[in-house]
Amino acid sequence: MKLDFDTLNIVLLALMLASAVWAVVTSRLLMAAVGLALTSVVLTLVLFILKAPMAAVFELSVCAGLITVVFISVISLTKSVNDIEAHEIKMKRIKRFIFLPVFLVLAGWLLSVKALHLGSHEALPAESATMQEVLWFTRRFDLIGQILVILAGVFGVIVLFKTKHSVDGETKQ
Amino acid sequence: MSADIATYFQASVVFAILIIITALYCILVSRNLIRILIGLELMTKAVTLLLAIGGYVSNRMALAQTFIITLIVIEVVVIAVAAGVVIGSYRHNNDLDAGKMNNLKG
């Protein structure tokens with residue numbers, strides 16, 4: 001069976017929404033992190049289809065890989081819940097998220113029925129510059145910003161995780 | 001812009017808004033700090049989708065890719081620092097409940 005290009009795109013978008021909802025609704029934190037990674041993987045496929053391979057590679061390696069590792073590390077560094085607590089959390093989550101499907105269906109219906117007026121969005125003439133040229137020459141200042149943000153993040157993590165040594169030799173975090 | 005691309009553009013915007021609604025709902029009703037971070041992360045996914053579809057429709061995919069890469073870099077730094085804050089808060093309060101973080105309450 002030949003799959004239509006538009007059908008494939010819409011299926012991927014629906015899959016992305018479904019995995020996002022699953023990440024939010026599931027009662028287990030680990031499953032939520034996996035759901036988030038799944039959303040990133042589907043977004044990677046969408047980016048590949050939209051002819052953005054560099055962004056797709058970044059999304060897959062950094063968002064689906066690195067950020068999932070960070071989330072799983074945070075989950076493993078915090079306490080795990082026992083079966084009774086897990087059941088209570090599950091019941092609370094069902095109560096809290098009972099309105100989410102209603103909101104989603106309502107918003108989806110409203111947005112689908114009423115055509116969005118998002119400007120003319122006419123296609124411009126095809127750009128001749130490649131992504132690398134745009135990144136290194138047109139948006140060079142962005143790179144400086146990225147470097148500064150990474151440095152700020154490194155200093156932030158160092159400050160948050162540094163250990164203090166008191167006079168009596170006791171180590172505090 | 002052809003009718004097919006216009007339809008896909010409309011569908012992408014609708015799905016991105018639905019993901020933003022899901023993430024906002026998660027941030028609003030969750031008290032667990034990790035879940036709030038997951039909601040924040042989901043919102044950036046929707047913004048990435050919007051940037052990509054904007055670049056595709058306007059024929060400026062190279063520019064859109066540079067914006068997406070910048071967004072991913074900012075996103076990963078924010079998540080790393082926020083994860084550090086969450087762990088620090090857990091060590092201090094022995095709990096991840098945002099409702100119990102009332103040390104600065106006057």
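Chains as they are written, first to last, in our numbering: chain A, 1 to 173; chain B, 1 to 106. Glycine included, every Cβ here is placed at the ideal spot set by N, Cα and C. Keep in mind that this is a model prediction, so the values were computed, not measured.
Cβ-Cβ distance between residue i and residue j below 7 Å
i               : j               : result
L24 of chain B  : V134 of chain A : no
I19 of chain B  : A46 of chain B  : yes
L50 of chain A  : Y56 of chain B  : yes
L36 of chain A  : I38 of chain B  : yes
L12 of chain A  : L45 of chain A  : yes
V81 of chain B  : G153 of chain A : yes
A16 of chain B  : L49 of chain B  : yes
S27 of chain A  : I84 of chain A  : no
T22 of chain B  : V24 of chain A  : yes
V29 of chain B  : R140 of chain A : no
Q65 of chain B  : A55 of chain A  : yes
V157 of chain A : G84 of chain B  : yes
S19 of chain A  : L47 of chain A  : no
I75 of chain A  : I79 of chain B  : no
Closest Cα partner of residue i within the set the options
i               : options                           : result
T78 of chain A  : B:V73, B:V81, B:E75 and B:I87     : B:I87
A32 of chain A  : A:T130, A:A86, A:G108 and A:F71   : A:F71
G65 of chain A  : A:I89, A:N82, A:P101 and A:V34    : A:V34
V41 of chain A  : A:F161, A:R139, A:I150 and A:L60  : A:L60
A11 of chain B  : A:I94, A:R28 and A:L110           : A:L110
M61 of chain B  : A:I150, A:L38, A:Q132 and A:G156  : A:Q132
S73 of chain A  : B:V14, B:I34, B:G54 and B:I27     : B:I34
L42 of chain B  : A:L47, A:W22, A:R93 and A:L30     : A:W22
L71 of chain B  : A:V149, A:F155, A:F161 and A:V105 : A:V149
I27 of chain B  : A:K162, A:R93 and A:S128          : A:R93
N59 of chain B  : A:I10, A:V62, A:A52 and A:K162    : A:A52
L160 of chain A : B:N32, B:V76, B:I74 and B:H92     : B:H92
E75 of chain B  : A:C63, A:I10 and A:V105           : A:C63
L151 of chain A : B:G54, B:V13, B:V73 and B:I36     : B:V73
As assigned by DSSP and simplified to three states, the class of residue i
i               : result
D4 of chain B   : helix
M1 of chain A   : Low confidence applies to M1 of chain A: its pLDDT is 49, below 50, so where it sits in the model is not reliable enough to give any reading.
N32 of chain B  : strand
D95 of chain B  : coil
S58 of chain B  : coil
Y9 of chain B   : The displayed chain sequence assigns Phe, not Tyr, to residue 9 of chain B. Helix.
S128 of chain A : coil
I98 of chain A  : coil
L104 of chain B : coil
V114 of chain A : The sequence shown places Lys at residue 114 of chain A, not Val. If DSSP states are grouped into helix, strand and coil, K114 of chain A belongs with coil.
I69 of chain B  : helix
Interface partners of residue i on chain A, CB under 8 Å
i              : result
L63 of chain B : E127, V134, T138 and R139
I17 of chain B : A107 and L111
L42 of chain B : A20, A23, V24, L36 and T39
A52 of chain B : V46, L47, L50, A52 and A55
A11 of chain B : N9, I10 and L13
Within chain B, partners of residue i - CB distance below 8 Å
i               : result
S40 of chain A  : K45
K51 of chain A  : Y56 and M61
I67 of chain A  : E41, E75, V76 and I79
M16 of chain A  : F15, I19, K45 and L49
E59 of chain A  : T48, I68 and I72
L30 of chain A  : In chain order: nothing, as chain B lies at least about 10 Å away.
I150 of chain A : V73 and V77
Where residue i meets chain A, residues with beta-carbon distance less than 7 Å
i              : result
G84 of chain B : G156, V157, L160 and F161
I87 of chain B : V74 and L77
L49 of chain B : L43 and V46
Chain A residues whose Cβ lies nearer than 9 Å to that of residue i
i              : result
D97 of chain B : In chain order: nothing, as chain A lies at least about 11 Å away.
Neighbouring residues, chain B, relative to residue i (Cβ below 7 Å)
i               : result
T130 of chain A : A62
Beta-carbon neighbours of residue i, restricted to chain B and to distances below 9 Å
i               : result
D83 of chain A  : None at all; the shortest Cβ gap to chain B is about 18 Å.
F97 of chain A  : Y25, C26 and V29
L104 of chain A : L18, I21, T22 and Y25
Residue i: contacting residues in chain E (beta-carbon distance under 8 Å)
i              : result
I36 of chain B : The structure shown has no chain E; the protein chains it does contain are A and B.
**OP:** Just list the alpha helix (DSSP H) runs in the stretch 4-90 of chain A, keeping only unbroken ones of 4 residues or longer that don't cross its boundaries, in chain order.
**Re:** Listed in chain order, they are 5-25, 29-49, 53-58 and 68-77.
**OP:** Tell me the start and end of each unbroken alpha helix (DSSP H) in the stretch 140-165 of chain A that is at least 4 residues and wholly inside, in chain order.
**Re:** Taken in chain order, the unbroken stretches of alpha helix (DSSP H) that lie wholly in the stretch 140-165 of chain A and span 4 residues or more are 140-161.
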